[in-house]
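**Q**
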Ligand SMILES: [Zn+2]
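Residue numbers (the working numbering): 17 to 399.
1. Which of helix, strand or coil does DSSP assign to residue 332?
2. Kindly provide the chain-ordered list of residues whose Cβ lies closer than 5 Å to any non-hydrogen atom of ligand 1.
3. Going by C-alpha distance, which of 327, 186, 49 is nearest residue 180?
4. Are the beta-carbon atoms belonging to residue 43 and residue 133 less than 9 Å from one another?
5. Quick check on DSSP: helix, strand or coil for residue 220?
6. One question on the structure: do residue 152 and residue 365 come within less than 9 Å of each other, judged by their Cβ atoms?
7. Which residue's Cα is closest to the Cα of residue 349: 378, 319, 337?
8. May I have the straight-line CA-CA distance separating residue 282 from residue 174, to the nearest angstrom?
9. Taking only the alpha-carbon atoms, compute the straight-line gap between residue 284 and residue 84 and give it to the nearest angstrom.
10. Do residue 100 and residue 182 have their CB atoms nearer than 9 Å?
11. Are the segment 201 to 210 and the segment 379 to 387 touching by the rule of at least three beta carbon pairs closer than 8 Å?
12. Determine the closest residue to residue 322 out of 294, 193, 49, 41, with distance taken between C-alpha atoms.
13. Who are the Cβ neighbours of residue 335 in its own chain at under 8 Å, not counting the five residues just before and after it?
14. Return the CA-CA distance between residue 77 and residue 24, expressed in angstroms with no decimal places.
15. Measuring straight from C-alpha to C-alpha, what distance separates residue 228 and residue 157?
16. Just curious, the alpha helix (DSSP H) that residue 195 is in, first and last residue?
17. When DSSP labels each residue in this structure, what does residue 340 get in the three-state scheme?
18. Are residue 105 and residue 66 touching if we call contact CB-CB under 9 Å?
19. Looking at the structure shown, is residue 82 part of a helix, part of a strand, or coil, going by DSSP?
20. What residue does the beta strand (DSSP E) around residue 123 start on, and which one ends it?
21. Measure from the alpha carbon of residue 313 to the alpha carbon of each residue in 202, 220, 60, then state which is nearest.
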């Protein structure tokens, strides 16, 4: 018997129905906490709940702490951590009824069932029942949905977090292994001109004109490699840069030259670029058109090398539990961006489910058990 096989789990792993029931109960308990951003008491309550739940395992060390008005918990099964599992326990706003989870067919329905109290419960269940010191840790936060400033971002920038890889079950769909996610650069450019009557435009400077020129040149440069340099797989996945002018405002009426305008722009970029590349370009063009630049938010692109040894172990486990692995990419931002900024590669995966952030959010119950088994098999390979 190898050391790995001696890992003792508190629950009989062949008892599928029992494990399924326990995970559903835990996920349902988590969903009942109304952990929206404004509900500080509930954010505290859910972290207390998780602490109590994990405390049943005497091997776990727990550090619970508050940052601003948000609550976090770090749990470790060893002093030295190789793999961090990362979960967030906050949810976006919801109908009141969505905090009363129920089962329908094989779906667990409720706010956060998929994003991500369902997936989080598989990780918590794993940690609670492991009876051996394995170099894995858990980071649980309560402000992911509003940007992670007091959660993962704070933790990675202010605490001594070291790991070889992070596993974040908070993206993708239906067990696609997410190997890369785009970077994001959100900014506002403000344009100042000079007002004049619309019939004598030569006396004024049109602030909107300047913005449009800026935008057109920016778009041309950011998108230039989109079609030329990428292969068919990336094309099909839309794995290329994008630019969205999400908001533009300026001017007062049709016959007045506007003396002020601003635009809010969202650039998403692939791992071929860095945040610095994008910032420098935007800054250069803003200066060229004498615009004022205000950065709104940023995120590093996330990617993991297919040869990464932890990803290889993850794929081996995937094959045991699910068969031939499926791979995909993530277009939206996850907490992975903060790990990427620390050069910690990230593995992202999601169970089967739908409707995140909608009025009808659900996760497939059996796929939660599968996710748990995938994680269990994976951590057996970590030592
Ligand atoms: Zn999420």
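Think of the CB as a built atom: it goes at the ideal place given N, C-alpha and C, for glycine as much as any other residue.
**A** In this structure, then:
1. Under the three-state reduction of DSSP output, residue 332 falls in the helix class.
2. Having a Cβ closer than 5 Å to some heavy atom of ligand 1 are 131, 132, 186.
3. The shortest C-alpha separation from residue 180 is found at 327.
4. Cβ atoms of residue 43 and residue 133: closer than 9 Å.
5. If DSSP states are grouped into helix, strand and coil, residue 220 belongs with coil.
6. In this structure, the beta-carbon distance from residue 152 to residue 365 does not fall below 9 Å.
7. For residue 349, the nearest C-alpha among the options comes from 319.
8. Take the alpha-carbon of residue 282 and the one of residue 174: they are about 28 Å apart.
9. Cα to Cα, the separation comes out at about 29 Å.
10. Contact flag set, yes.
11. No, they do not touch.
12. For the residues 294, 193, 49, 41, the minimum Cα distance to residue 322 belongs to 193.
13. Here the set comprises 341.
14. CA-to-CA, the gap between residue 77 and residue 24 works out to about 18 Å.
15. Roughly 40 Å separates the two Cα atoms.
16. Per DSSP, residue 195 lies in no alpha helix (DSSP H); the unbroken beta strand (DSSP E) holding it starts and ends at 192 to 197.
17. Of the three classes helix, strand and coil, the one that applies to residue 340 here is coil, per DSSP.
18. For residue 105 and residue 66, yes; Cβs fall inside 9 Å.
19. DSSP places residue 82 in strand when its eight states are reduced to three.
20. 123 to 125 is the extent of the beta strand (DSSP E) around residue 123.
21. When the alpha-carbon of residue 313 is set against those of 202, 220, 60, the nearest one is in 202.
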